[in-house]
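If you want my numbering, it's the position in the sequence shown, counting the first as 1, plus 374. A virtual CB, placed ideally from N, CA and C, is assigned to each residue, including glycine. For clarity, every value in this text was computed on a predicted model and none was experimentally measured. Report on the structure given below.
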Amino acid sequence: MIELKLQSILRQVKSENPEKRYEALDQLFEYKQQDGIEVQIDVIKEIIKTAASHFPERVDKWDNPSYYLIDFVCDFPMPEVVDGLIMHFDELDLHAKERAIEFLLSTEDEGVLYFLEEKIISLIETVDFVLPIEELSFYPVLIKAILDRSLEKLHSTHYKYMMYDLILSLNVAGYEQGYKKETILASLLKDYQTEKQEYLKFDHEYSTKFVYTAWKDSYFIVRNRMKLFISLMQYYYSPEIGLELKQTLDFSDPVIKTQALLVCAGKNLPYEENTIVACANHIESAEMTYWELKEKNLDHLYPITEGKQPHLAKSRLFFAITNLTEEGDDAVTHFPEDIQIIDKVETTNAYGQPVRYYLMSFSEHGTIYAGWAGGYALEEGEDTADSWDGTYTDFVEFHSASIEKHKEEFFIKRAEEKHEYENSVYFESSPKLSMGAWFFLALLIAHWIREALNGFEGSILPSIFFTAVGGTLCLYEIIRNKKRKISIFGLQLVKKDGAKQYSIGLDKIKKIEYNKKHVLVFNKKNDLALKFPLKWVHYELFHLHMMEHTAHLKDRPFIQT
375 MIELKLQSIL
385 RQVKSENPEK
395 RYEALDQLFE
405 YKQQDGIEVQ
415 IDVIKEIIKT
425 AASHFPERVD
435 KWDNPSYYLI
445 DFVCDFPMPE
455 VVDGLIMHFD
465 ELDLHAKERA
475 IEFLLSTEDE
485 GVLYFLEEKI
495 ISLIETVDFV
505 LPIEELSFYP
515 VLIKAILDRS
525 LEKLHSTHYK
535 YMMYDLILSL
545 NVAGYEQGYK
555 KETILASLLK
565 DYQTEKQEYL
575 KFDHEYSTKF
585 VYTAWKDSYF
595 IVRNRMKLFI
605 SLMQYYYSPE
615 IGLELKQTLD
625 FSDPVIKTQA
635 LLVCAGKNLP
645 YEENTIVACA
655 NHIESAEMTY
665 WELKEKNLDH
675 LYPITEGKQP
685 HLAKSRLFFA
695 ITNLTEEGDD
705 AVTHFPEDIQ
715 IIDKVETTNA
725 YGQPVRYYLM
735 SFSEHGTIYA
745 GWAGGYALEE
755 GEDTADSWDG
765 TYTDFVEFHS
775 ASIEKHKEEF
785 FIKRAEEKHE
795 YENSVYFESS
805 PKLSMGAWFF
815 LALLIAHWIR
825 EALNGFEGSI
835 LPSIFFTAVG
845 GTLCLYEIIR
855 NKKRKISIFG
865 LQLVKKDGAK
875 QYSIGLDKIK
885 KIEYNKKHVL
895 VFNKKNDLAL
905 KFPLKWVHYE
915 LFHLHMMEHT
925 AHLKDRPFIQ
935 T
């Protein structure tokens with residue numbers, strides 16, 4: 375049983391021997407990678423309690439049991455986990471607190487959010503804490519409360535950019551646009567001008583190749599800060615800001631230039647037509663220009679009116695390759711050049727919808743390789759930019775096979791991936807022993823302990839008889855429960871009850887609801903398609919997995935929280 379193994383891990387992470395702690399954390403990581411794993415509530419509570427306890431002095435960065443234990447329990451979105459994290463929050467390691475905050479934000483519970491407000495502000499005031507910006511962006515009321523009580527951290531070296539991120543999120547949410555305008559405008563202009571000087575050190579020699587092969591992180595930090603400041607200029611504008619935006623439109627970096635262009639377009643500020651053409655055509659900013667204009671309902675300004683799908687496919691493949699990460703001393707820096715559209719194929723995705731993929735070639739380190747970009751959805755037109763993510767390269771040399779052979783290999787790979795996906799179990803849950811069975815086992819254990827203490831006086835045949843009968847019933851229940859399962863199997867939600875099996879495609883589900891006894895699954899016609907006892911699953915885990923496996927659907931089902 376996994377519970378016994380987890381108990382062993384909890385003992386090992388407290389060991390004075392660093393090797394034993396490492397082995398325990400490594401084993402914990404392996405369990406974390408397993409899909410659909412279930413752990414008894416009592417053990418989860420013990421994990422949280424252990425994470426909040428004292429550990430031997432660290433010997434390296436990996437040596438942080440508090441964080442890894444909390445990271446493990448955060449995969450179990452249950453009320454008991456929420457309660458445990460709140461109860462033991464103050465005793466956790468700082469990194470464990472950061473992970474706990476990310477998890478607690480996902481509860482969307484008003485009481486929990488109030489608790490987090492106090493804890494986050496306390497942390498900001500006392501330590502160098504990393505705010506979970508992305509998770510906080512969904513809660514503008516909480517963001518405003520944090521900013522109201524910690525805005526002075528805008529002048530802090532550690533918190534400056536996190537504060538600006540929160541201010542941007544507050545404005546984007548529309549909760550309070552122009553929040554503290556005079557105060558923030560003055561700081562924004564000053565900090566932007568300082569960061570601009572850092573950027574200008576790169577501007578004269580700017581090239582896309584330098585960015586991804588030589589400058590890397592040292593440049594991306596500057597670029598991201600520039601983008602952040604320029605995004606804020608949409609909400610904090612003055613004549614001086616206008617002059618800065620005008621200058622930015624002449625910068626060499628196409629991403630920074632595009633960000634400034636989007637602000638100008640959104641505020642009806644003047645810009646040259648050749649600027650938007652340059653942004654739309656550059657491989658680094660092509661997709662950004664299209665999608666950001668579309669999000670602002672300004673896609674009519676996008677200058678490429680025909681053939682945008684193959685044009686954007688080049689940008690899609692470029693980022694798919696440059697984002698490949700490798701580690702070690704022999705790690706290769708990927709930078710594709712001379713990306714060309716060679717051919718295209720049309721097929722269907724897992725849900726039978728028509729999609730198009732482009733066969734492409736690109737050069738890297740003097741070798742020409744084949745790559746694929748797509749699949750572009752065709753239901754809403756031949757030149758739509760909407761796509762299901764399937765862009766990749768296996769770094770097969772392009773001239774090692776004919777175009778038809780590359781296509782053949784593409785379909786073989788798709789068939790293999792489809793078969794593997796459709797035959798993989800991503801979540802599985804069976805009912806546990808009933809409360810009655812556990813109660814009987816507890817009585818039985820207590821009875822035999824009492825008999826042993828009394829020296830087994832009198833006949834023990836009745837005890838043996840009831841033990842055999844009760845054990846047989848418990849064994850029968852265990853065997854029966856193993857034949858009762860709820861699983862996400864490929865693209866299907868499956869219910870198995872003995873020899874009977876029922877299923878419904880994930881894309882056929884309209885809604886999932888539950889009551890005190892059952893989980894109810896309805897199809898698109900709003901007919902009840904599946905029904906199973908609530909006790910068959912930890913509903914919070916079931917909800918999480920269903921959300922993950924339906925997130926890509928165009929018509930996502932409603933799943934009751």
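Within 7 Å, strictly: CB atoms of residue i and residue j
{"i": "V770", "j": "A744", "result": "yes"}
{"i": "L559", "j": "L606", "result": "no"}
{"i": "K898", "j": "K909", "result": "no"}
{"i": "F932", "j": "K885", "result": "yes"}
{"i": "A654", "j": "T765", "result": "no"}
{"i": "E472", "j": "V447", "result": "no"}
{"i": "D449", "j": "Y800", "result": "no"}
{"i": "P430", "j": "E390", "result": "yes"}
{"i": "L865", "j": "G879", "result": "yes"}
{"i": "Q414", "j": "E465", "result": "no"}
{"i": "I507", "j": "A474", "result": "no"}
{"i": "K394", "j": "Q381", "result": "no"}
{"i": "Y645", "j": "L672", "result": "no"}
{"i": "D717", "j": "I777", "result": "yes"}
{"i": "Y676", "j": "L686", "result": "no"}
Nearest candidate by alpha-carbon position, reference residue i, set the options
{"i": "Y573", "options": "K555, L636, Y549, N598", "result": "N598"}
{"i": "Y549", "options": "V729, G410, R690, I517", "result": "I517"}
{"i": "K527", "options": "V515, S496, L510", "result": "S496"}
{"i": "N642", "options": "T758, Q608, Y442, G879", "result": "Q608"}
{"i": "I520", "options": "H529, F863, L380, K493", "result": "K493"}
{"i": "V895", "options": "Y725, F512, K874, V868", "result": "V868"}
{"i": "F603", "options": "S861, M536, W665", "result": "M536"}
{"i": "E887", "options": "D871, M920, S861", "result": "M920"}
{"i": "H532", "options": "E484, T500, Y513, K555", "result": "T500"}
{"i": "E484", "options": "V515, Y731, K388", "result": "V515"}
{"i": "T557", "options": "E509, S612, K590", "result": "S612"}
{"i": "Y566", "options": "Y610, E791, D467", "result": "Y610"}
{"i": "Y488", "options": "L468, K388, I460", "result": "I460"}
{"i": "D434", "options": "T767, Y396, H428", "result": "Y396"}
{"i": "N648", "options": "E666, I678, T722", "result": "I678"}
{"i": "K787", "options": "A547, P805, H773, D768", "result": "D768"}
{"i": "A652", "options": "K554, K379, I715, S626", "result": "S626"}
{"i": "A789", "options": "K779, A724, D760", "result": "A724"}
{"i": "F916", "options": "E412, D502, G552, A660", "result": "E412"}
{"i": "D437", "options": "L468, P392, I422", "result": "P392"}
{"i": "D522", "options": "K534, S530, K554", "result": "K554"}
{"i": "S761", "options": "L927, A873, E509, K631", "result": "L927"}
Whole-angstrom C-beta distance between residue j and residue i, which should lie under 8 Å
{"i": "I383", "j": "Q407", "result": "That pair is no contact at about 15 Å."}
{"i": "I650", "j": "L635", "result": "6 Å"}
{"i": "V629", "j": "E669", "result": "That pair is no contact at about 16 Å."}
{"i": "A470", "j": "A425", "result": "6 Å"}
{"i": "S543", "j": "S511", "result": "4 Å"}
{"i": "T758", "j": "Q683", "result": "7 Å"}
{"i": "P728", "j": "E753", "result": "6 Å"}
{"i": "K601", "j": "Q633", "result": "5 Å"}
{"i": "E756", "j": "E738", "result": "Going by Cβ atoms, the distance from E756 to E738 rounds to 31 Å, so no, they are not a contact pair."}
{"i": "I498", "j": "S524", "result": "5 Å"}
Cβ shell of residue i (< 7 Å), same chain only, five flanking positions each side left out
{"i": "V456", "result": "L478, T481, V486"}
{"i": "Y593", "result": "F576, V585"}
{"i": "E802", "result": "G410, K859, S861"}
{"i": "I713", "result": "K688, L691, F692, M734, F736"}
{"i": "T741", "result": "E771"}
{"i": "L619", "result": "M607, A634, V637, C638, L643"}
{"i": "N797", "result": "G864"}
{"i": "H923", "result": "Y800, I862, L880"}
{"i": "F571", "result": "In the sequence as displayed, the identity of residue 571 is Gln instead of Phe. Within the same chain, Q571 has no close Cβ partners at all."}
Sequence-distant residues of the same chain with beta carbon closer than 8 Å to residue i, five excluded per side
{"i": "H892", "result": "K905, F906, P907, L908"}
{"i": "E454", "result": "I415, I418, K419"}
{"i": "H793", "result": "none"}
Beta-carbon proximity list for residue i, same chain, < 6 Å, skipping 5 on both sides
{"i": "P451", "result": "E914, L918"}
{"i": "L698", "result": "H708"}
{"i": "V719", "result": "Y731, K781"}
{"i": "P805", "result": "N855, R858, K909, W910"}
Check: residue i C-beta below 6 Å from any heavy atom of the ligand GDP
{"i": "I742", "result": "Summarising the ligand content, the structure contains no ligands, and the ligand GDP is consequently not present."}
Hey, which unbroken runs of the beta strand (DSSP E) at 3 residues or more fall wholly within the segment 434 to 476? As far as the segment 434 to 476 is concerned, it has no whole beta strand (DSSP E) run of at least 3 residues.
Counting only runs of 4+ residues fully inside the segment 403 to 427, write out the alpha helix (DSSP H) ranges in chain order. Complete alpha helix (DSSP H) runs here, min 4: 415 to 425.
List in chain order: all unbroken beta strand (DSSP E) runs of 3+ residues lying wholly within the segment 740 to 769. Listed in chain order, the complete beta strand (DSSP E) runs (minimum 3 residues) inside the segment 740 to 769 are 741 to 751.
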